[in-house]
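Residue numbering for the sequence shown follows the UniProt record's numbering, beginning at 1 and increasing consecutively. Cβ coordinates follow ideal geometry from the N, Cα and C atoms, glycine included. All values derive from a computational prediction rather than experimental measurement. All remarks here apply to the structure that follows.
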Amino acid sequence: MRSPLTRFGMGFALIASTIWLAGCSTRAEVQDPIRPAIVAQPDTAAAQAGTIYSGDVKARYESALGFRVGGKIKRRYVDVGAHVKAGDLIAELDPQDLNLQASSARAGVAAAEADLAMAKAERDRYNALRGKNFVSETQFDAVDNRLKAATARATEARAALNVAQNQAGYTALKADQDGVITTITAEAGQVVGPGQTIATLARNGEREVEISVPEGRIANYQKDQPATIELWAESGKYLTGTLREIAPDADATTRTYRVRVALGGDSASVKLGQTARVYFADSTGGDAHTVPLSALYEKDGKPAVWKLDPATRQVHLNPVTVAAYREQGVVLQAGVEAKDWIVIAGVHKLREGQAVNPVDQANKPLTL
1 MRSPLTRFGM GFALIASTIW LAGCSTRAEV QDPIRPAIVA QPDTAAAQAG TIYSGDVKAR
61 YESALGFRVG GKIKRRYVDV GAHVKAGDLI AELDPQDLNL QASSARAGVA AAEADLAMAK
121 AERDRYNALR GKNFVSETQF DAVDNRLKAA TARATEARAA LNVAQNQAGY TALKADQDGV
181 ITTITAEAGQ VVGPGQTIAT LARNGEREVE ISVPEGRIAN YQKDQPATIE LWAESGKYLT
241 GTLREIAPDA DATTRTYRVR VALGGDSASV KLGQTARVYF ADSTGGDAHT VPLSALYEKD
301 GKPAVWKLDP ATRQVHLNPV TVAAYREQGV VLQAGVEAKD WIVIAGVHKL REGQAVNPVD
361 QANKPLTL
């Protein structure tokens, strides 16, 4: 006959076994929650597969505007960023001194013409007297030479008047072409010299990107070489370009060569001073694609990415071939296509066949 203690022990063991089995059954039935995953499609990397340089958008033609005469600036009519047309007034000098010079030149012309009239009348008299043999040939020649000298002085005075009048007209600085004012280097009240830059005018029309190329790479580039341009403010939008100019010598400080890449096609929307990336393609172009660096996963020492199956919404690890590492991400030569959906964040927390909820980079659900 079993004791009460023995029966109690057997009952306790039975209850404990039942609870343990129920717990195991519960854990087996609980599945991992479906977590969100940020996914994106690869970008075409044909433009980004080569060497990348950063630069600024500049006008093809820039004019340094300055007065042709010196003086004190009376007024400035434009500010930086002003759009002007050819003939618009930029600045004006105080014309008082130049007007006085023109007045002095006019007085000089009047005096020279008076001397010329007197010399001409005297020559006419001596010419009449010479016909009657009242004066010698030597006396006539002296009077004739005085007439020639007076004629030359009158010509000189008229030329001086023309110069003075032109200089008086140079007090107005006007735009020589349609464009935009990019710099102002003088203010009203400032005394400037002839030719001193007052403003810089960037002409309307052609736009270029100026970049700096290290001296160790400059031999890889030549005039008319094609390039692709991407504006920093419009990432993903590419413009065609052509290498137009290579500086003949390197900058003494940076030891880089100034290179100008002309924008092709419609560049009307490109603004001066915008930051741009210039891509020069190399052998890794073609069907290459770019994914963010955060999308890259390593398995057995080899690169891979997690691809999302749109039908099952499960992720699968896919080997890839890395062509290059760039500022915008990793250039993949093989392993992905433009239509694929790639997990670009949290790749180290995924497992093969795991189901996920795809979202975009703004954390909004995606309909694949």
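CB contact flag (residue i, residue j, <8 Å)
i	j	result
residue 434	VAL291	Lying outside 1 to 368, the shown extent of the chain, residue 434 is not represented and no answer is given.
PHE280	ALA227	yes
ARG60	ARG207	yes
LEU366	ASP360	yes
VAL57	GLN225	no
VAL261	GLY236	no
LEU272	LYS299	no
ASN363	ALA37	no
ALA175	VAL84	yes
VAL180	ILE211	no
VAL322	VAL330	yes
TYR221	LEU243	yes
VAL209	GLY87	no
ILE34	ALA324	no
Candidates the options: closest to residue i by CA position
i	options	result
ARG75	LEU161, PRO95 and ALA86	PRO95
GLN190	GLN274, GLY81 and ALA91	ALA91
GLN196	GLU206, VAL336 and THR185	THR185
ARG146	SER136, LYS120 and ILE211	LYS120
ARG68	GLY193, ASP97 and GLU122	GLY193
GLY346	PRO303, ASN363, VAL322 and SER294	SER294
ILE52	ALA355, ARG326, VAL343 and GLY216	ARG326
GLY216	ILE229, ASP340 and THR254	THR254
ILE118	THR256, ALA150, SER267 and GLU230	Sequence inspection shows Met at residue 118; the Ile mentioned does not correspond to that position. Per the Cα distances, ALA150.
TYR297	VAL343, ALA252, ALA324 and LEU263	VAL343
ALA199	LYS223, ASP115 and VAL80	VAL80
GLY264	TYR77, ILE229 and VAL336	ILE229
ASP251	VAL213, LEU116, GLU245 and ASN133	VAL213
LEU332	PRO303, THR138 and ALA160	PRO303
SER267	GLU245, GLY205, VAL39 and GLU234	GLY205
ASN162	ASN99, VAL336, LEU116 and TYR77	ASN99
ASP115	ASN133, GLN139 and ALA157	ALA157
Alpha-carbon spacing of residue i relative to residue j, whole angstroms
i	j	result
ARG153	ALA112	6 Å
THR183	GLY301	55 Å
THR312	ALA82	58 Å
ALA164	VAL109	12 Å
THR26	LEU308	Per-residue confidence for THR26 stands at a pLDDT of 46, beneath the threshold of 50, marking its modelled position as unreliable; the derived number appears in the next sentence. Using only the alpha carbons, I get a separation of about 30 Å.
GLY169	SER63	20 Å
LEU201	LEU173	12 Å
TYR257	ALA105	51 Å
ASP141	VAL135	10 Å
ALA219	ALA288	25 Å
TYR126	LYS148	15 Å
TRP232	ILE73	40 Å
ALA102	ASP178	32 Å
LEU129	VAL143	12 Å
ASP249	LYS223	15 Å
VAL78	ALA107	37 Å
GLU137	GLN167	45 Å
LEU350	ASP43	23 Å
GLU352	GLU234	36 Å
VAL336	ARG203	45 Å
TYR132	ALA159	Checking the displayed sequence, the identity of residue 132 turns out to be Lys instead of Tyr. Answer to the nearest angstrom: the Cα atoms are 39 Å apart.
GLU245	HIS348	47 Å
GLU122	GLN139	11 Å
THR155	ASP124	20 Å
One or two residues paired with residue i in a DSSP bridge
i	result
THR254	Paired residue(s): none; THR254 is not in a bridge.
LYS349	LYS349 pairs with nothing; no bridge assigned.
LYS302	LYS299
PRO214	THR256
ILE198	Paired residues: none, contrary to the question.
PHE280	THR51
LEU93	ILE73
residue 371	Since the first residue of the chain shown is 1 and the last is 368, residue 371 is not available in this structure.
TYR325	VAL330
LYS307	HIS316 and ILE342
Rounded Cβ spacing between residue i and residue j (contact assumed at less than 8 Å)
i	j	result
THR171	LEU89	Not quite, the Cβ-Cβ distance comes to about 11 Å (not below 8 Å), so this is no contact.
GLY66	ASP97	Going by Cβ atoms, the distance from GLY66 to ASP97 rounds to 18 Å, so no, they are not a contact pair.
PRO310	TRP341	7 Å
GLN41	ALA334	Not really, about 16 Å apart at Cβ, beyond 8 Å.
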